[in-house]
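Peer 1: A single structure is presented below for examination.
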Amino acid sequence: MWRPKYVESRSVSSSRPDDVMHKSPFSAGMSYSLPPPMTFVKFTCMIVSINLVNDMTTKLNKIDLNLFVVFDAIYTERNLTRVAERLSITQPAVSNALTRLRKTLNDPLFVKTGTGMQPTALAESISDRISAALHQLQAASAQGERFDPFTSKRLFRVSLVDLHSLIILPGLLSGFQGTAPQVELSLVRIPRRDTRKALQQGTIDIASDIPMPDSSDLISRTIMKDRYVCAMRPDHPLGSGPLTLERYLQLTHLHVSSRPQGASPVDIVLRKLGARRKLGLQMQSYLNIRDILHKTDMVATLTECSAREMGLRMLRLPVEVPPIELRLYRHIRSDGDEAVQWMFDQIAGRTVRANDTEQHHRVDQN
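In the working numbering, the protein residues as written are 313 to 678.
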């Protein structure tokens, strides 16, 4: 690296025309030579970089880093009361932290609306970086510390599709009573289009969904493969014999999908045949399906494992519908988080596969 060259003025003889001698500001009897043009540019850039680092350090010194924890919680919860509960602080403390953040960043950050605290453009632009930084700090602080599920009070934020939670939650929570009695599990409903972003930002730790396009920043594992069946109450008046397409279309169907729009796999197949089901009820949740099907003559096209879980009679569909596949996802950032990896393995361990012999022997072949 070039360094300023200080010499006695009487002994300097310039061998280059661009060596210009100047009086040193440090000594009246000293002179120094300027560096070559390119070296001077590098030296200037170095000074600018140092100034930028100093400026950043000055700004960070003015900000309590705990305020970013509050920012991340507000962005996730959109409700100051829930933020206070999540962080185990008072609501006035949350409000005070938000006021300090607004003053420091010179932006409202969050605006109160009828649907909660909505982020401003600035808040949206920095939210993912703040979330990622907090997760990295958490992972760094956890290095060298072994995760003990029995004593941990960790809160895990997980997004599961309805049929997945229906199948695994009872057994999962039952197992936690003995192995991880103090962990908290928060089920978060995330629109499918936002699942990847939520994992990247750290809004959720783990998610289950149908296969998403491969991504280098997501780790996935297939946790369920299952086929669709026509499900109904055990004493349904439907007679014996094969379930023909004609009879299937005459039945009144209950349709369930987490998406408000879009055709289901069976409807896509029927559309190609120029056929259409008669829908009596459309739902976005599996919550009340069991009671409705057990108390009415409606039928539903469900996955075999969910129909079995509800104690329903199952008939083979009259058309070939591709089986459903679910995957479990976590962000690669969690490679440094032993707790998330543990929870990921616990959920993945509750695998339900379509080729399980025990599943299929109860499906009526007629």
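Built from N, CA and C at the ideal position, the CB exists for glycine as well.
Bear in mind the structure is a predicted one, so any value in this text is a computation, not a measurement.
Just the C-alpha distance for T564 and G623, rounded to the nearest angstrom, thanks.
Peer 2: Cα to Cα, T564 sits roughly 19 Å from G623.
Peer 1: Grab me the residues of A651's own chain with a C-beta within less than 6 Å of its C-beta, minus the 5 sequence neighbours each way, in chain order.
Peer 2: Closer than 6 Å at the Cβ level, and outside the excluded window around A651, lie F459 and R466.
Peer 1: Going by DSSP in three states, L481 sits in which element: helix, strand or coil?
Peer 2: If DSSP states are grouped into helix, strand and coil, L481 belongs with the helices.
Peer 1: Look at the alpha carbon of A492 and the alpha carbon of S520, and state the distance between them as a whole number of angstroms.
Peer 2: Cα-Cα distance, rounded: 21 Å.
Peer 1: Residues bridged to I636 by DSSP?
Peer 2: According to DSSP, which records beta bridges pairwise, I636 is partnered with D538.
Peer 1: Under the assumption that V611 contacts M544 (Cβ atoms under 8 Å), give the Cβ distance between them as a whole number of angstroms.
Peer 2: Right, the Cβ-Cβ distance comes to about 4 Å (below 8 Å), so this counts as a contact.
Peer 1: Is it true that the region 616 to 631 meets the region 535 to 543, where meeting means three or more beta-carbon pairs spaced less than 8 Å apart?
Peer 2: Yes, since at least three Cβ pairs between the region 616 to 631 and the region 535 to 543 fall closer than 8 Å, the two stretches touch.
Peer 1: From what residue to what residue does the beta strand (DSSP E) around S471 run?
Peer 2: From DSSP, the beta strand (DSSP E) with S471 extends over L467 to S471.
Peer 1: Where in the region 384 to 471 do unbroken runs of the beta strand (DSSP E), each at least 3 residues long, occur, reported from the N-terminal end onward?
Peer 2: 422 to 425, 428 to 431 and 467 to 471, all fully within the region 384 to 471.
Peer 1: Take T515 and list the residues in its own chain whose beta-carbon comes closer than 6 Å to its own, dropping the five residues that flank it on each side.
Peer 2: Cβ neighbours of T515 beyond the five flanking positions: T388.
Peer 1: Sorted by chain position, which residues of the same chain lie with C-beta nearer than 7 Å to N391's C-beta, five sequence neighbours on each side aside?
Peer 2: G428 and M429.
Peer 1: CB S618 to CB L484, shorter than 7 Å?
Peer 2: Their beta carbons are not under 7 Å apart, which means S618 does not touch L484 by this criterion.
Peer 1: Give me, in chain order, the residues of the same chain whose beta-carbon lies closer than 8 Å to that of L417; leave out the 5 immediate sequence neighbours on both sides.
Peer 2: Excluding sequence neighbours, L417 sits near L434.
Peer 1: Taking M722 as part of the beta strand (DSSP E), name the residues at either end of that continuous run.
Peer 2: This structure cannot speak to residue 722, because the chain is shown only from 313 to 678.
Peer 1: Between which residues of its own chain and Q596 is the CB-CB distance below 8 Å, once the five residues before and five after are set aside?
Peer 2: Counting only Cβ-Cβ distances below 8 Å, and skipping sequence neighbours, we find V568, S569, S570, R571 and P572.
Peer 1: By the three-class DSSP mapping on this structure, what secondary structure does I644 have?
Peer 2: In this structure, I644 counts as helix in the three-state DSSP scheme.
Peer 1: Give me the Cβ distance between L614 and K590, rounded to the nearest whole Å; I'm assuming they're in contact under 8 Å.
Peer 2: The Cβ separation is near 17 Å, so there is no contact.
Peer 1: Cβ atoms of L511 and Y641: under 7 Å apart, would you say?
Peer 2: Going by C-beta atoms, Y641 is nearer than 7 Å to L511.
Peer 1: Quick one: grab the DSSP three-state call for R533.
Peer 2: Three-state result, R533: strand.
Peer 1: My output table needs one value for T608: the three-state DSSP class, helix, strand or coil.
Peer 2: Three-state result, T608: coil.
Peer 1: Which whole-angstrom value is the C-beta distance of Q513 and S437, which I expect to be below 8 Å?
Peer 2: Actually they do not touch by this definition, with Cβ atoms about 12 Å apart.
Peer 1: Quick check on F383: buried or exposed, where buried means 16 or more other Cβ atoms within 10 Å of its Cβ?
Peer 2: F383 should be labelled buried.
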